[in-house]
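Structure first, then comments.
Residue numbers (this note's numbering): 1294 to 1681.
Encoded structure:
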């Protein structure tokens, strides 16, 4: 069995894991990143992505502005469509530098940056097992692509392998408290090979709909649907017909590349650490995609954890590591509050069958306030920019 030692084993080569790996390596802390999939699979995995102003600032401050290059998509001239009536979004962004950046682009750029620095990134790591996370001799075992048993001894483990990954499952039952909320509806998420026209979110009594650009000839489509719906219930013709009904106008149609159901939920696990294991990103919390804050929270976790590891490496001070979860939690709950608010408002304002006509009219009043109140608009701008 091949064995090595490193300061930090990072489980998962997504946004959180690769951002963390870059932060550590650039500051002289060795790490090994393990990823169960192949590089080709990871870099082709289609996921939405918005890097808000917080993320843009963070990458530049850590000397990683290069990862924002490539094919990020500028903020589009989108609109809210309420019962077919367009309400153009013309909000003062106060210097907000948010970018639409599909996660596969960001992951590819982070991967390239990590490897250019000589980073140790091991793909197709199967059967990952975390050992002795409570005490000394912490070790991560796995099988490489040839089926050979490998092991990495480490000081710390960063679990960045998502909601269904092995990291959080390695924590003993009862050690973490799970807080969760189910929203009572799902999204049909579609990737279509078609230019985005129109662009924006539609609020309609038939349910929410979204058309978001993912490139010059690619569109991410969202359709609110029942929690027990399946993608088979949504043939292509129904998708395009429903989009036109909810937007109240002709939409650009074309080939549908992928289609799947996304349950809308919020989840937080507290604390975000156990022994030598620290949870980052979706391994520790989930926000509904309506909020566009999944990447924000993953990057915030990575930055907080990186600073704690660097403090430990520089002077042996473990206070930031000890307080990792307590440092992250207020920020997480702030953005869970935002995610819950924007999700409820956008869905309640349309389909009255979920929350009733009263909540529908309240939600529409809240939306209207964003266009008419400078104070409400300013707070909304801070939250969308990630600066609050």
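A virtual CB, placed ideally from N, CA and C, is assigned to each residue, including glycine.
Beta-carbon gap between residue i and residue j smaller than 7 Å
| i | j | result |
| --- | --- | --- |
| residue 1639 | residue 1583 | yes |
| residue 1749 | residue 1560 | Coverage of the chain is limited to positions 1294 through 1681, which leaves residue 1749 absent and any answer about it impossible. |
| residue 1663 | residue 1673 | yes |
| residue 1643 | residue 1430 | no |
| residue 1680 | residue 1346 | yes |
| residue 1544 | residue 1484 | no |
| residue 1516 | residue 1502 | yes |
| residue 1519 | residue 1309 | no |
| residue 1587 | residue 1427 | no |
| residue 1641 | residue 1630 | no |
| residue 1682 | residue 1377 | Because the chain is modelled from 1294 through 1681, residue 1682 falls outside the range shown and cannot be assessed. |
Residue i versus residue j - alpha carbon distance
| i | j | result |
| --- | --- | --- |
| residue 1410 | residue 1318 | 7 Å |
| residue 1552 | residue 1321 | 42 Å |
| residue 1650 | residue 1464 | 44 Å |
| residue 1384 | residue 1296 | Any answer about residue 1384 is weak, because its pLDDT of 49 lies below 50 and its placement is not dependable; what the coordinates show is given next. The straight-line gap from Cα to Cα measures roughly 55 Å. |
| residue 1450 | residue 1554 | 32 Å |
| residue 1538 | residue 1633 | 26 Å |
| residue 1601 | residue 1609 | 10 Å |
| residue 1362 | residue 1466 | 42 Å |
| residue 1375 | residue 1507 | 23 Å |
| residue 1546 | residue 1439 | 44 Å |
| residue 1648 | residue 1480 | 17 Å |
| residue 1505 | residue 1328 | 29 Å |
| residue 1304 | residue 1613 | 21 Å |
| residue 1557 | residue 1522 | 13 Å |
| residue 1446 | residue 1299 | 6 Å |
| residue 1338 | residue 1307 | 10 Å |
| residue 1645 | residue 1627 | 27 Å |
| residue 1313 | residue 1356 | 13 Å |
| residue 1353 | residue 1525 | 43 Å |
| residue 1326 | residue 1408 | 11 Å |
| residue 1599 | residue 1573 | 11 Å |
| residue 1667 | residue 1677 | 15 Å |
| residue 1653 | residue 1412 | 51 Å |
| residue 1593 | residue 1493 | 27 Å |
| residue 1301 | residue 1316 | 12 Å |
| residue 1255 | residue 1659 | Examination of residue 1255 is not possible in this model, given that the chain is present from 1294 through 1681 alone. |
| residue 1611 | residue 1623 | 20 Å |
| residue 1442 | residue 1571 | 24 Å |
| residue 1482 | residue 1527 | 11 Å |
| residue 1500 | residue 1478 | 10 Å |
| residue 1665 | residue 1675 | 17 Å |
| residue 1548 | residue 1436 | 39 Å |
| residue 1311 | residue 1615 | 23 Å |
| residue 1391 | residue 1589 | 11 Å |
| residue 1414 | residue 1625 | 28 Å |
| residue 1671 | residue 1595 | 27 Å |
7 Å Cβ shell around residue i - same chain, five flanking residues per side excluded
| i | result |
| --- | --- |
| residue 1576 | 1452, 1453, 1454, 1455, 1456, 1458, 1460 and 1461 |
| residue 1585 | 1343 |
| residue 1425 | 1431 and 1432 |
| residue 1581 | 1476, 1557, 1558, 1559, 1632 and 1636 |
| residue 1360 | 1352, 1399, 1402, 1403 and 1406 |
Beta-carbon contacts of residue i that lie in its chain and below 6 Å, excluding the five residues immediately before and after
| i | result |
| --- | --- |
| residue 1562 | 1469, 1471 and 1577 |
| residue 1669 | 1662 and 1663 |
| residue 1606 | 1322 |
| residue 1379 | 1372 |
| residue 1604 | 1610 and 1613 |
| residue 1434 | 1422 and 1444 |
| residue 1448 | 1300 |
| residue 1536 | 1502 and 1544 |
Close Cβ partners of residue i (< 8 Å) along its chain, the five nearest in sequence each way excluded
| i | result |
| --- | --- |
| residue 1336 | 1397, 1400, 1401 and 1404 |
| residue 1350 | 1390 |
Touch test, the stretch 1401-1417 against the stretch 1327-1343, Cβ-Cβ under 8 Å, three pairs minimum: yes
Every unbroken alpha helix (DSSP H) inside the stretch 1340-1364 [4 residues or more]: 1346-1354
Should the stretch 1524-1534 be called in touch with the stretch 1414-1424, which here means at least 3 C-beta pairs below 8 Å? no
Just checking, does the stretch 1466-1480 make contact with the stretch 1603-1621 on the three C-beta pairs under 8 Å criterion? no
Three Cβ pairs or more, each shorter than 8 Å: is that satisfied between the stretch 1506-1513 and the stretch 1484-1495? yes
Ranges of the alpha helix (DSSP H) found wholly within the stretch 1560-1638, counting only runs of at least 4: 1587-1608 and 1612-1615
Contained alpha helix (DSSP H) runs [length at least 4] in the stretch 1468-1546, N- to C-terminal order: 1529-1540
Starting from the N-terminal side, write out each stretch of the alpha helix (DSSP H) that is 4 residues or longer and does not extend beyond the stretch 1639-1671. 1645-1648 and 1650-1665
Ranges of the beta strand (DSSP E) found wholly within the stretch 1412-1438, counting only runs of at least 3: 1413-1415, 1419-1424 and 1432-1436
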